[in-house]
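Presented below is the structure to which this report refers.
Numbering (the working numbering), first residue to last: 15 to 440.
What follows is the structure, given as structure tokens:
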């Protein structure tokens with residue numbers, strides 16, 4: 015379809031992102047559903063006959079077509095069959111019962127579809143600005159050839175090198191307190207140790223807010239303002255009890271009224287005709303289903319958001335995740351050992367940081383347990399080697415400092431202490 019070809023041509027719309035189940039429900043399932051419904055409604059509007067009016071018998075075919083076109087382009091109004099059409103003044107009270115949304119249904123549905131795609135654009139664009147290439151990481155993670163041991167080891171090694179380089183870069187900027195952007199300091203956020211995690215949660219909040227806004231739009235801006243009935247629970251209750259809502263509520267009426275004027279022999283004649291909005295047969299069902307889907311989608315999104323917050327910000331959850339995989343890897347690991355638990359805390363907080371733990375969680379969603387276990391084991395070996403080297407270096411410095419204190423004054427002490435300082439610089 016032409017529309018999908020256009021979307022694929024938009025930057026960041028066709029790049030691989032995180033295959034998140036909730037994101038897929040929003041940006042793929044719901045978006046395509048809305049586009050399909052917009053096409054269906056447009057076909058009925060522009061390819062069929064969306065409105066038919068009962069006009070006086072003396073109207074010619076041209077006047078019938080004029081009346082229907084006028085009533086479609088102008089707003090009709092709804093008056094229940096049990097209520098009088100005219101007010102006490104004799105004029106039709108149409109301001110409070112005006113129906114003005116049906117012409118805009120396809121555009122409203124397309125606007126909703128674009129809104130459901132927007133959070134994915136936010137995630138793909140801003141995550142791509144970080145040093146961690148999330149798309150490339152997930153491409154290696156989901157490589158179909160990872161079942162081959164040699165290819166899996168190569169991909170794990172490539173991921174380790176990339177993650178270690180990005181983590182070292184973030185740590186170096188943090189330790190040196192560097193700010194590459196001196197004026198627009200907000201741009202320095204992408205060099206932080208939590209940037210990718212922050213963007214992911216912003217996208218999650220955007221998904222949740224979008225569902226809430228779309229539900230609010232259905233109630234407040236689309237439906238008649240004068241009707242106190244709230245679209246949603248009341249409509250479903252009416253349907254469950256067997257009440258045909260269009261006859262009573264006027265939410266999506268099939269039968270409406272339309273006023274138009276005709277010049278006859280220099281006089282202006284006002285006609286009130288009764289019209290059938292066939293489009294509302296589809297519109298009512300569409301929006302009842304959409305409202306229920308939005309409520310379901312919003313509930314799932316909120317639960318998923320809180321589960322991710324617990325997984326990323328809970329120390330217990332992060333420790334449990336790392337320790338479980340460290341126990342399954344080839345490296346001997348005893349979680350009851352206090353020294354190992356201390357190393358895990360250091361590995362989690364100082365080596366990986368928030369973005370490192372988040373990416374490992376994200377990789378675990380895309381890869382099998384063998385891949386993520388070997389990846390965590392490889393990162394753990396590198397971290398453990400660094401910590402052992404640091405411990406050995408600190409011990410050597412303490413011994414050298416002790417010898418420096420034992421040596422008396424003079425050139426020999428100065429040379430020995432200079433060697434210690436040079437060693438520390440290295």
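Heads up, the beta-carbon is just placed ideally off N, CA and C, and yes, glycines get one too.
- If the five residues before and after residue 165 are omitted, its C-beta is found closer than 8 Å to the C-beta atoms of 157 and 159, all from its own chain and listed in chain order.
- Residue 53 holds the alpha-carbon nearest to the alpha-carbon of residue 123 among 355, 43, 53 and 393.
- DSSP places residue 380 in no beta strand (DSSP E) but in the uninterrupted alpha helix (DSSP H) bounded by 367-380.
- For residue 90, the closest alpha carbon among the candidates 273, 79, 72 and 51 is that of 273.
- Rounded to the nearest angstrom, the Cβ distance from residue 395 to residue 371 is 18 Å, too far for a contact under 8 Å.
- By the Cβ rule, the stretch 220-234 counts as touching the stretch 315-322, because three or more pairs are nearer than 8 Å.
- Annotated three-state conformation of residue 182 is helix, per DSSP.
- The criterion of a C-beta distance shorter than 9 Å is not satisfied by residue 337 and residue 303.
- Our two residues, residue 277 and residue 287, have alpha carbons roughly 16 Å apart in a direct line.
- Taking a cut-off of 8 Å for Cβ pairs, the stretch 54-73 and the stretch 126-142 do not touch, as fewer than three such pairs fall below it.
- Below 8 Å, enough C-beta pairs join the stretch 33-50 and the stretch 115-131 to call them touching: three or more.
- For residue 274, DSSP records a beta bridge to 285.
- Boundaries of the beta strand (DSSP E) harbouring residue 68: 65-68, taken from the DSSP string.
- Separation of residue 130 and residue 297 (C-alpha to C-alpha, rounded to the nearest whole angstrom) is 20 Å.
- Under DSSP, residue 290 takes part in a beta bridge, and its partners are 66 and 269.
- Contact check between the stretch 173-190 and the stretch 201-209: three or more CB pairs, one atom from each, fall below 8 Å, which counts as touching.
- In the three-state reduction of the DSSP assignment, residue 297 falls in the helix class, which pools H, G and I.
- In the structure shown, residue 308 adopts helical secondary structure according to DSSP, grouped into three states.
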